[in-house]
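So the protein sequences, as listed, match chains A and B.
For the first sequence, the working numbering assigns the number 22 to the initial residue and increments by one for each residue that follows.
For the second sequence, the working numbering assigns the number 22 to the initial residue and increments by one for each residue that follows.
All residues carry an ideal CB built from backbone N, CA and C; glycine is no exception.
As the structure is a computational prediction, the values presented were derived from the model and not from experiment.
Notes for the one structure printed next.
Protein chains: 2
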Amino acid sequence: MRRVSIKDVAREAGVSTTTVSYVLNEITTQTISSETSRRVREVAKRMGYVPNLNARSLTSRKTNLIGIVIPQTEPGREFMFDNPFYGALLSSLEFNARRNGYHLLLTGPASGQSYIGVARNRGVDGIVIVGSYPSSSLDELHQLSIPVVLIDTYVTDESFHTIGINDRQGGLLATEYLLSRGHRGIAFVSGGISEHGVMRQRFLGYQEALEAAGLQVREERLYTGEVSFQHGMQAARELCSQQDITAVFAAADILGVGVVKGLRQQGRRVPEDVSVMGFDDLDLAQICDPSLTTMRQDIAAKGRQAILTILDALDGKPDKQEWIFPVDLVVRDSVRSVGRPVTAQKHRRPDSGEELNE
Amino acid sequence: MRRVSIKDVAREAGVSTTTVSYVLNEITTQTISSETSRRVREVAKRMGYVPNLNARSLTSRKTNLIGIVIPQTEPGREFMFDNPFYGALLSSLEFNARRNGYHLLLTGPASGQSYIGVARNRGVDGIVIVGSYPSSSLDELHQLSIPVVLIDTYVTDESFHTIGINDRQGGLLATEYLLSRGHRGIAFVSGGISEHGVMRQRFLGYQEALEAAGLQVREERLYTGEVSFQHGMQAARELCSQQDITAVFAAADILGVGVVKGLRQQGRRVPEDVSVMGFDDLDLAQICDPSLTTMRQDIAAKGRQAILTILDALDGKPDKQEWIFPVDLVVRDSVRSVGRPVTAQKHRRPDSGEELNE
DNA sequence: CATCCTTACTTAACCGTTTCAGTACCTCTG
DNA sequence: CAGAGGTACTGAAACGGTTAAGTAAGGATG
Chain A
22 MRRVSIKDVA REAGVSTTTV SYVLNEITTQ TISSETSRRV REVAKRMGYV PNLNARSLTS
82 RKTNLIGIVI PQTEPGREFM FDNPFYGALL SSLEFNARRN GYHLLLTGPA SGQSYIGVAR
142 NRGVDGIVIV GSYPSSSLDE LHQLSIPVVL IDTYVTDESF HTIGINDRQG GLLATEYLLS
202 RGHRGIAFVS GGISEHGVMR QRFLGYQEAL EAAGLQVREE RLYTGEVSFQ HGMQAARELC
262 SQQDITAVFA AADILGVGVV KGLRQQGRRV PEDVSVMGFD DLDLAQICDP SLTTMRQDIA
322 AKGRQAILTI LDALDGKPDK QEWIFPVDLV VRDSVRSVGR PVTAQKHRRP DSGEELNE
Chain B
22 MRRVSIKDVA REAGVSTTTV SYVLNEITTQ TISSETSRRV REVAKRMGYV PNLNARSLTS
82 RKTNLIGIVI PQTEPGREFM FDNPFYGALL SSLEFNARRN GYHLLLTGPA SGQSYIGVAR
142 NRGVDGIVIV GSYPSSSLDE LHQLSIPVVL IDTYVTDESF HTIGINDRQG GLLATEYLLS
202 RGHRGIAFVS GGISEHGVMR QRFLGYQEAL EAAGLQVREE RLYTGEVSFQ HGMQAARELC
262 SQQDITAVFA AADILGVGVV KGLRQQGRRV PEDVSVMGFD DLDLAQICDP SLTTMRQDIA
322 AKGRQAILTI LDALDGKPDK QEWIFPVDLV VRDSVRSVGR PVTAQKHRRP DSGEELNE
C-alpha cells in the first residue's frame, strides 16, 4: 500500500500533475479556475495526500533540514551528552528551527568517518556544530557550500559564523569574585584544555585574574579532564590533600556539583571549609545544595541565534556573523569570604569584597 | 557550483551512470571489469562525489531516518525538554540509531498541526514517540504504514510497539519502602495524571501500597502539575502546612530534587523532618544533597530497545513487541525511619523495615 | 475577420539515483 | 558454424515532485 502521490491525485481529479502542483503550492503566477482548484484540494484531502519533501528537495535543492552535531562525552561512550547543558541547547535549537519551518537532523560525530558525512549525504541546508573539534575536521566543512555555525569554539576562520560567550571574561570575573572574597588558594577544575575550546579561554581568565592579584597559576591546582559529574568528584577528592586550597573554580556547573559532592564525601563543608564556583547556571546550580554561585550564560539565546544566523545566511546575507553573549555573576550559597581581611595586596583594599562585577 | 552527481562522474569516467552506480554500490549481481571499476572509483574520489541520499530514498523508498517526537514541557514554552531524562534518552536513541546506519529527525509536537506531519512529509522509516499524547493524535499514526514505537505510554493498541517500565510496581515499591520505614503520612507529587501516562500508573502503585497497609489515599496529599523542578518546589511549599506528612513520594527525580529544595526553603530538614523518595535515578539523584533515594530505571536500555524494535520491524518481523523493563529501589540518603516502630498494623511486623524489595 | 490577449490548462524536461531489460561481443560446445 | 553461455556494459523507465514552455479555446480589438 503505497502512499498517495501527486499522480494519484491528478488521475483522480482528472487533471495533470502540474495542475495539482500549482493548486497545492498556491502558485500565483499561474491562473487556475476556482472550480478546478476546489476539486483538486478536495481530492487531495480525501485521499490523504501529503507531499514528499525528499522528492521536492530534489528539484528545489533545499531540504529544510539543519544538521546538528553534538559531541560525545568521550569517544566510544554510549552517551552523546551527559551534560544537561546540551539538552538545554538542543531544546532551543529545535524550538527555533521548527517555528521557522525547519527540522533538525541530529548526529554525533560519526565514529571512523568524517562527522560531516551526514550533512553532505542528506544535503542539509545548514549545519550547527557544538563544541570544538580538531581543526582537520573543520577543513572538511569548507567543501560544503552551506552556512556553518560554530557554537562554543574559537576559530579565526572567516567562512564560519560563530556564536559564543565571553569565556575568558567569565573566567576572569569568576576568579576575581573569589579573590574579592579573600581566597588565595584557588583550584581550577575543567574539561580538557584544547586549543580552540572554551575551557582554555576560561582558564586564561582565571590566570589573568590571579596574575592581576599578584598570584601565579600553580600546576598542582589544575584539574583537567572530561566535563562530567564524575570528574568533578574525582578532582575534589584529589584536591583535599592540599590544605591551602580554600576555593575551587569549576569551569562548568556539572563539574561544580561534582566538586561539591566530592568535597562532602571527604568531610569538607561547602562553603564553610571550601568555596565552589560554577559556570553556566544550569538548573542544576539551583538544584544542588548549597546552591551554586556561578557565571550565568543564556543558553536559549545561543540556540536561537544559531538558527537565525543560518536563516540569514540562507536568505543571502553574506556577512559573517559573530555573536558573543554576555556572562553574569550569579551569587548563591557556595562561596563565602575567608575570615581575615586581605591586607597584603597592593591592588586591593580590604573592603573590596562588595565591588561585584555586574 | 553544484555538487557533483553520478552523471558528472559517469561523463568523466567515460561510462554510463548505471555503471557508476553498480561500481559504487558494489552490486555483485553485475560483473564489472576491475579496470573500469578502479577507474570509476578513482574519478569519484577525485571529484569528491557523495551520493545524494534524498534522491536515493526516492527509488529505494527508504530514508534511513527515524523520527523522534519528544514532548514539550508545556505547550508554548520555549523548551522542549527541561527534564534531563529526555536528554539521556535522546543520547541513547542517537547512539543506537547511528551505529545501525540511521539518523534521527528530531521534532517536538508541531504547534497547531499534527505532530506526525514531519514523519509523513519526510518519509521517515520509523517513528519513536516519547511520552503520552491525546489518543486522537495516536489515531493519525495508523495512517502511516511505518513501525511506531511508543515509549512511556499506556495504550492497548495492537499496532504499536511499546517500551516502558513497570511504573505501577515502581510506585508500589517506592511507597512500600516508605511505609516499611514507618511513614504513614505520605504525600504524592507528580506530573499530570492523564489516562495513558506513566504518572497515573505510579499513582496506582502508590494507592495500592497505601491500601494494602490499611491506609487511604487522601486528596489533600496529592500534588499534580508539570514535571519540573519548579513544580516540585511549589508542592513542597504547600505541603509544609500539613504537619502529619512525614514523607513525600515524588514520581520523578526532577520533582524530587525540587521537593527537597522547597522543603529546605521552608526550614524543614531532609530526611530528619521529612523524607523524600524520587523516581528515575538520573544523575541528579546523586548530585543533590542529600542524595536521593529513588526507583532506578534503565534509560539507556529503553533507547536501545526502541531502535532495535524499529529495526526488527523494518526487517519484516511482524510481531508486536512490548518491552517492560524492571525498576529497582536505590537506597540513598533522603529517607529515614520515623522514630516509633510500627505496631498497629496487621500485616506488618515491627522489624519489617529491612525486607527491602530487590 | 485576422490578430492579439487572457484564461486555463498540459507536455515534457529535469532533479539524482536505482534497476530491469536489453545488447554487443567473445568464447566455448557439440 | 549455429547456438549457448558468459562477460561487460548501456538505455530507459521509474521514484515524486517542480517548472519552463507550449497550446487550445474564447473574447476583445482594430
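Worksheet entry | B:R24 - DSSP class collapsed to helix/strand/coil | Position 3 of the second sequence holds residue 24 of chain B. Looking at B:R24 - three-state DSSP - the assignment turns out to be coil, as it is neither helix nor strand.
Fill in: Residues of the segment 151-182 of chain A whose Cβ lies closer than 7 angstroms to any Cβ of chain B, in chain order
Q164, S166
Item to complete: Step through the CB atoms of chain B and report whether any lies within less than 8 angstroms of the CB of A:G108.
Response: Your numbering for residue 108 of chain A matches position 87 in the first sequence. Yes, contact with chain B.
Worksheet entry | Residue nearest to A:G299 in terms of C-alpha spacing, selected from A:Q326, A:R59, A:Y227, A:V269 | Taking the first residue of the first sequence as position 1, residue 299 of chain A is located at position 278. The shortest Cα separation from A:G299 among A:Q326, A:R59, A:Y227, A:V269 belongs to A:V269.
Worksheet item: In chain B, which residues lie with their C-beta within 7 angstroms of the C-beta of A:F346?
Response: One-based indexing of the first sequence puts residue 346 of chain A at position 325. Those do not exist, as A:F346 stays about 16 angstroms from chain B at its closest Cβ, beyond 7 angstroms.
Worksheet item: Between the segment 150-167 of chain A and the segment 145-163 of chain B, are three or more C-beta pairs nearer than 8 angstroms?
Response: no
Worksheet item: Is the segment 183-199 of chain B touching the segment 343-361 of chain B, taking contact as three or more C-beta pairs under 8 angstroms?
Response: yes
Worksheet item: For B:R119, does the count of other Cβ atoms within 10 angstroms reach 16, so buried, or fall short, so exposed?
Response: As a first step, residue 119 of chain B is located in the second sequence; it is residue number 98 there, counting from the start. B:R119 is buried by the Cβ-count criterion.
Practice prompt. Taking A:G147 and A:I167 to be in contact with their CB atoms under 8 angstroms, please state how far apart those CB atoms are, rounded to whole angstroms.
Written response: Looking up residue 147 of chain A in the first sequence gives position 126. Looking up residue 167 of chain A in the first sequence gives position 146. Confirmed, Cβ separation roughly 5 angstroms.
Fill in: Assumed close pair B:R62, B:V44 - CB separation to whole angstroms, cut-off 8 angstroms
Working through the second sequence from its first residue, we reach residue 62 of chain B at position 41. Working through the second sequence from its first residue, we reach residue 44 of chain B at position 23. Contact holds; Cβ gap of about 6 angstroms.
Worksheet item: Would you report the Cα separation of A:T128 and A:R59, rounded to the nearest angstrom?
Response: Here residue 128 of chain A refers to the residue found at position 107 of the first sequence. Here residue 59 of chain A refers to the residue found at position 38 of the first sequence. Cα to Cα, A:T128 sits roughly 42 angstroms from A:R59.
Worksheet item: Span of the beta strand (DSSP E) holding A:E115?
Response: What you label residue 115 of chain A is simply residue 94 of the first sequence in a count that begins at 1. Here A:E115 belongs to no beta strand (DSSP E); instead the alpha helix (DSSP H) covers 105-119.
Fill in: Proximal residues to B:V297 (C-beta, below 6 angstroms), its chain only, five neighbours per side dropped
The residue labelled residue 297 of chain B in the question sits at position 276 within the second sequence. The answer, listed in chain order, is V269, G277, V280, V281, V291, S355.
Fill in: Cross-chain neighbours of B:I87 in chain A, by beta carbon under 9 angstroms
On the second sequence, residue 87 of chain B is found 66 positions in, with the first residue counted as 1. Residues of chain A passing the Cβ test: none, with the nearest at roughly 10 angstroms.
Discussion item. So, under 8 angstroms CB-CB, B:N104 and B:I308 are touching, yes? Tell me the CB distance rounded to an integer number of Å.
Written reply: Position 83 of the second sequence, counting from 1, holds the residue named residue 104 of chain B. Position 287 of the second sequence, counting from 1, holds the residue named residue 308 of chain B. With a Cβ gap of about 14 angstroms, B:N104 and B:I308 do not count as contacting.
Practice prompt. Alpha carbon to alpha carbon, how far is B:V41 from B:T52? Give it in angstroms, no decimals.
Written response: For this step, residue 52 of chain B is matched to residue 31 along the second sequence. For this step, residue 41 of chain B is matched to residue 20 along the second sequence. Distance between the alpha carbons of B:T52 and B:V41 is about 12 angstroms.
Worksheet entry | Beta carbon proximity, B:S21 to chain A, threshold 8 angstroms | Only positions 22 to 379 of chain B appear in the structure, and residue 21 of chain B is not among them; the question remains open.
Worksheet item: Under 8 angstroms Cβ-Cβ, which residues of chain B neighbour A:P339?
Response: Counted from its first residue, the first sequence places residue 339 of chain A at position 318. None at all; the shortest Cβ gap to chain B is about 16 angstroms.
Item to complete: Less than 8 angstroms between the CB atoms is what I'm expecting for B:A384 and B:G283, so what's the real figure, rounded?
Response: The structure shown does not extend to residue 384 of chain B, since chain B is modelled only from 22 through 379, so no value can be given for it.
Worksheet item: Going along the chain, which residues of its own chain have a beta-carbon closer than 8 angstroms to the beta-carbon of B:S249, five neighbours each way excluded?
Response: Taking the first residue of the second sequence as position 1, residue 249 of chain B is located at position 228. Within the same chain, B:S249 has close Cβ partners T94, D103, N104, I275, L276, G279.
Worksheet item: Mind checking whether B:V210 and B:G253 have CB atoms under 8 angstroms apart?
Response: On the second sequence, position 189 is the one that residue 210 of chain B refers to. On the second sequence, position 232 is the one that residue 253 of chain B refers to. Cβ distance < 8 angstroms, so B:V210 and B:G253 count as in contact.
Discussion item. Quick check on the DSSP output: the alpha helix (DSSP H) that includes A:I275 runs from which residue to which?
Written reply: The count along the first sequence starts at 1 and reaches residue 275 of chain A at position 254. Run containing A:I275: 274-286, per the alpha helix (DSSP H) assignment.
Worksheet entry | Residue closest to B:G144, alpha-carbon to alpha-carbon, out of B:V151, B:G152, B:S153, B:Q164 | Within the second sequence, the letter at position 123 stands for residue 144 of chain B. The shortest Cα separation from B:G144 among B:V151, B:G152, B:S153, B:Q164 belongs to B:Q164.
Item to complete: State the Cα-Cα distance for the pair A:F181 and A:E197, rounded to the nearest angstrom.
Response: Translated into positions along the first sequence, residue 181 of chain A becomes position 160. Translated into positions along the first sequence, residue 197 of chain A becomes position 176. A:F181 and A:E197: Cα-Cα distance of roughly 33 angstroms.
Fill in: Distance between B:L74 and A:K382 (C-alpha atoms, nearest Å)
It is not possible to answer for residue 382 of chain A, since the shown part of chain A is limited to 22 through 379.
Worksheet item: So which residues of chain A does B:T84 contact, with C-beta pairs closer than 7 angstroms?
Response: As a first step, residue 84 of chain B is located in the second sequence; it is residue number 63 there, counting from the start. Residues of chain A passing the Cβ test: N75.
Practice prompt. Spatial neighbours of A:K341 within its chain, please: CB distance less than 7 angstroms, with the 5 preceding and 5 following residues excluded, ordered by chain position.
Written response: Within the first sequence, residue 341 of chain A is the residue found at index 320, counting from 1. Excluding sequence neighbours, A:K341 sits near E179, H182.
Worksheet item: If you count every other CB in all the chains shown that lies within 10 Å of the CB of A:N117, and 16 or more means buried, which is it?
Response: Residue 117 of chain A sits at position 96 when you count from the first residue of the first sequence. Its Cβ being crowded by 16 or more others within 10 Å, A:N117 is buried.
Item to complete: For B:C383, return the contacting residues in chain A, with the cut-off set at a CB-CB distance below 8 angstroms.
Response: Residue 383 of chain B cannot be examined here, being either before or after the span of chain B that is shown, 22 to 379.
Worksheet item: What span of residues does the beta strand (DSSP E) with A:E240 cover, start to end?
Response: As a first step, residue 240 of chain A is located in the first sequence; it is residue number 219 there, counting from the start. Careful: A:E240 lies outside any beta strand (DSSP E) and carries neither H nor E.
Worksheet item: What number of angstroms, rounded off, separates the C-alpha of A:R303 from the C-alpha of A:F106?
Response: Position 282 of the first sequence, counted from the start, is the residue given in the question as residue 303 of chain A. Position 85 of the first sequence, counted from the start, is the residue given in the question as residue 106 of chain A. The question names Arg, but residue 303 of chain A in the sequence shown is Leu. Rounded to whole angstroms, A:L303 to A:F106 spans 7 angstroms at the Cα level.
Item to complete: Find the nearest neighbour of A:P92 within the set A:N46, A:V64, A:L110, A:A334, judged by alpha-carbon distance.
Response: The residue you call residue 92 of chain A lines up with position 71 of the first sequence. Cα-wise, what sits closest to A:P92 is A:L110.
Item to complete: Provide the residue span of the beta strand (DSSP E) that contains B:V170, from first to last.
Response: Residue 170 of chain B sits at position 149 when you count from the first residue of the second sequence. Note, B:V170: beta strand (DSSP E), 169-172.
Discussion item. Per the DSSP calculation, B:F270 is bridged to which residue(s)?
Written reply: Here residue 270 of chain B is taken as the residue at index 249 of the second sequence, counted from 1. According to DSSP, B:F270 bridges with B:F209, B:M298.
Worksheet entry | Residues from the segment 281-296 of chain A in contact with chain B, defined by Cβ distance under 8 angstroms | V281, K282, R285
Worksheet entry | Paired residues, beta bridge with A:V149 - DSSP | Locating residue 149 of chain A in the first sequence gives position 128, counting from the first residue. Per DSSP, A:I89, A:V170.
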